[in-house]
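Residue numbers for the sequence shown follow this note's numbering, so the first one is 490 and each next one is one higher.
Input: a single structure, listed below in structure tokens.
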Amino acid sequence: MTISRRDLFKVGLAAGTAISIPSVLRAQASPGVARMVMGDLAVFDPIVTTMTPTFTHALAIYDSLFAYDSKFVSQPQMVEKWGISDDKMTYTFELRDGLGWHDGSAVTAADCVASIRRWGQVSPGGQLIMAHAKDISKKDDKTFTIALKEPLGILLDLLGNSDGFPMMREQDADRPATEQVTANIGSGPFKFNHALAKPGASFTYDKNEKYMPRKEVPDAYAGGKVVKVERVIWEIIADEQTAFAALQSGEVDFLNLPSADLYSSIESDPDLALQVLNTAGETYFMRMNCLQPPFDNAKARQAMLHLIDQEAFMRTSFPPEYISTVTSAFGMPYSNDENTTWFKKGGDPEKAKQLFNEAGYASEKVVILQRTDEAGPGNMAQLLATTLRKIGVNAELVPGDGGAVRARRENKGSVEEGGWSIFITSATDFEFSDPLSAPYLTMPGEKGWTGWPKSDEYEALRAKWANIETLEGRKMLARKLQKVWWDYVPHVLLGHTVLPVARRKTLTGLIATPTLVPLWNLEKAS
């Protein structure tokens, strides 16, 4: 008899939740201290990775020039006022009063200039600004300018990039974008407590008493970042059953994106609640290595479009009422049906097998990186391996936690050299609406995001996006981009879901955003 993960979990509950709790959690969480389980934080610099835990960390300790509100409008954050010249070629930004680094020094315009330049080395949105910029320089300690070679109407949108790229001290931002900044000294509402850092176990964030929040009400990433707790402790608990037991007992207050196995238990517990913070939802997709066989061949990548049964993949991890299929390469409002005739309910394995044969597939090993610390990607990877084997593909699973997967997916070599063929990840519908900033919606080749697809035709079309100011114009361009996208197939969509977080009802004030979990505005009742 096969015992499922769900059955195993029920046995644990029936046994009175006799699950091992880390000693650090045995004491009841204190009032004024929020303990949150939000994944493994292994990389601290959001310029060198796109991993969600890193961006959540950065959101707490750093601040940004602009930030998106709930209507996705870029609002001033560190900037007090800004202006644009009559010819629309020069932007002038003045920082607001009271901005200071956690080390006690003042934030200056020179810090911001260095931060923009570093961000501009790696972010598609930043690279676009750098390509249009004639000069980025400080005017005085509180003022800097961006002088353009040609107008860039979406400049403020780029500076308000969905997660708000961080302003760092000049001495940190002067590092190469490939070299991680580990000082963790920002100017944001929380201070990283270096003395209490326990890598692999927990990280502590203390209220920045000197932070001066804006006066506007909090609205997604924008508005006043008011801290209402003294401390947030980021607990790293790899085993979800252990994390859930800690949530039930009150030893932690928050569990990010619990697996669907836990939903009914959470809903039946009078002390717990499910809450959807990311109303845009998540789209899961499998990224392929376009540099190595078999997916260096377009036919093999197209085969994967026909192979996937989206409903089956999403059902591995989510209840049917939380899932839907998706065919557009872009999220709302740019979602469209251009070049989507490949979609078929249930998939088309025979068509996939035919395309693999046309690609000249010769039993090369296909290495699938399988997340062991996140149910969705982990379960989908297992189904993908099984599905590929059924059509004669030599698929092999390589399990690892988020850090291990991230490290291996940067390897551009063959699978024999420690490389990879496929990994599974997700992004929000909102992120899929930004082909200028979302790295996985670009195709510049080896200079781009992992997977390294290359299409000069796509990149030429994508470059036009920055100069189109109307919604209708961008919708038309999105259709042209999607035509090229689904001919090339950099990745394959697996489906869409809306995912709730779990919290104790004593933890309130969580802010709804399209991607991350802001730590400000939280309140912890006794």
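The beta-carbon is built from N, C-alpha and C at its ideal position, and this holds for glycine as well.
Spatially closest choice to residue i from the options, by CA coordinates
i, options, result
"residue 712", "790, 722, 560, 849", "560"
"residue 922", "1004, 602, 671", "1004"
"residue 738", "524, 658, 860, 725", "524"
"residue 907", "913, 898, 915", "898"
"residue 874", "796, 818, 611, 664", "796"
"residue 1009", "782, 596, 680, 786", "680"
"residue 979", "958, 938, 548, 757", "938"
"residue 971", "1015, 909, 820, 901", "820"
"residue 926", "648, 626, 593", "648"
"residue 963", "1013, 946, 824", "824"
"residue 640", "954, 757, 961", "954"
"residue 676", "686, 662, 593, 746", "593"
"residue 858", "911, 758, 619, 714", "911"
"residue 564", "778, 650, 544, 916", "650"
"residue 778", "946, 554, 913, 758", "913"
"residue 683", "749, 591, 754", "591"
"residue 688", "537, 956, 900, 531", "531"
Distance CB(residue i)-CB(residue j) smaller than 8 Å
i, j, result
"residue 985", "residue 812", "yes"
"residue 557", "residue 710", "yes"
"residue 932", "residue 948", "yes"
"residue 861", "residue 837", "no"
"residue 657", "residue 604", "yes"
"residue 787", "residue 977", "yes"
"residue 599", "residue 668", "no"
"residue 987", "residue 815", "no"
"residue 678", "residue 702", "yes"
"residue 882", "residue 855", "yes"
"residue 943", "residue 760", "no"
"residue 798", "residue 835", "yes"
"residue 782", "residue 853", "yes"
"residue 958", "residue 642", "yes"
"residue 989", "residue 763", "yes"
"residue 918", "residue 769", "yes"
"residue 666", "residue 616", "no"
"residue 602", "residue 625", "yes"
"residue 1002", "residue 745", "no"
Distance between residue j and residue i (C-alpha atoms, nearest Å)
i, j, result
"residue 608", "residue 982", "28 Å"
"residue 1000", "residue 780", "40 Å"
"residue 966", "residue 831", "21 Å"
"residue 968", "residue 692", "44 Å"
"residue 562", "residue 707", "13 Å"
"residue 622", "residue 888", "44 Å"
"residue 886", "residue 533", "28 Å"
"residue 513", "residue 589", "With a pLDDT of 45 at residue 513, under the threshold of 50, the predicted position of this residue should be treated as unreliable, though the coordinate-derived value follows. Near 33 Å, if we compare the C-alpha coordinates of residue 589 and residue 513."
"residue 614", "residue 975", "23 Å"
"residue 644", "residue 670", "26 Å"
"residue 790", "residue 586", "52 Å"
"residue 924", "residue 884", "31 Å"
"residue 876", "residue 794", "13 Å"
"residue 841", "residue 940", "20 Å"
"residue 909", "residue 705", "47 Å"
"residue 672", "residue 582", "26 Å"
"residue 632", "residue 904", "50 Å"
"residue 505", "residue 801", "Because residue 505 carries a pLDDT of 36, less than 50, the predicted location of this residue cannot be relied on, and the following value inherits that uncertainty. If I take the Cα positions, the gap works out to 33 Å."
"residue 792", "residue 810", "29 Å"
"residue 627", "residue 997", "41 Å"
"residue 735", "residue 751", "13 Å"
"residue 1013", "residue 1007", "15 Å"
"residue 699", "residue 522", "19 Å"
"residue 662", "residue 807", "41 Å"
"residue 690", "residue 606", "34 Å"
"residue 817", "residue 869", "20 Å"
"residue 612", "residue 544", "13 Å"
"residue 803", "residue 872", "10 Å"
"residue 896", "residue 747", "24 Å"
Min CB distance residue i to chain B below 8 Å
i, result
"residue 709", "The structure shown has no chain B; it contains just one protein chain."
Integer-rounded CB distance, given that residue j should sit under 8 Å from residue i
i, j, result
"residue 637", "residue 578", "5 Å"
"residue 529", "residue 725", "5 Å"
"residue 741", "residue 526", "6 Å"
"residue 743", "residue 992", "5 Å"
"residue 822", "residue 1011", "Contact doesn't hold; Cβ gap of about 31 Å is too wide."
Distance cut-off 7 Å: residue i Cβ against heavy atoms of the ligand COA
i, result
"residue 979", "Annotation note on the ligand COA: not contained in the displayed structure, which lists no ligands."
* To do: State whether the stretch 853 to 871 contacts the stretch 771 to 789, with contact taken as three or more CB pairs (one from each stretch) at a distance under 8 Å.
  => Cβ pair count under 8 Å is three or more, so yes.
* **Validate contact between the stretch 840 to 853 and the stretch 724 to 741 using beta carbons, cut 8 Å, 3 pairs** => Taking a contact to require three or more Cβ pairs closer than 8 Å, the stretch 840 to 853 and the stretch 724 to 741 do not qualify as touching.
* Asked: Touch check for the stretch 694 to 705 and the stretch 718 to 725: three-plus C-beta pairs under 8 Å?
  -> Flag = yes, the stretch 694 to 705 and the stretch 718 to 725 touch.
* Would you call the stretch 575 to 589 and the stretch 628 to 648 in contact, with 3 or more CB pairs under 8 Å? -> Cβ pair count under 8 Å is three or more, so yes.
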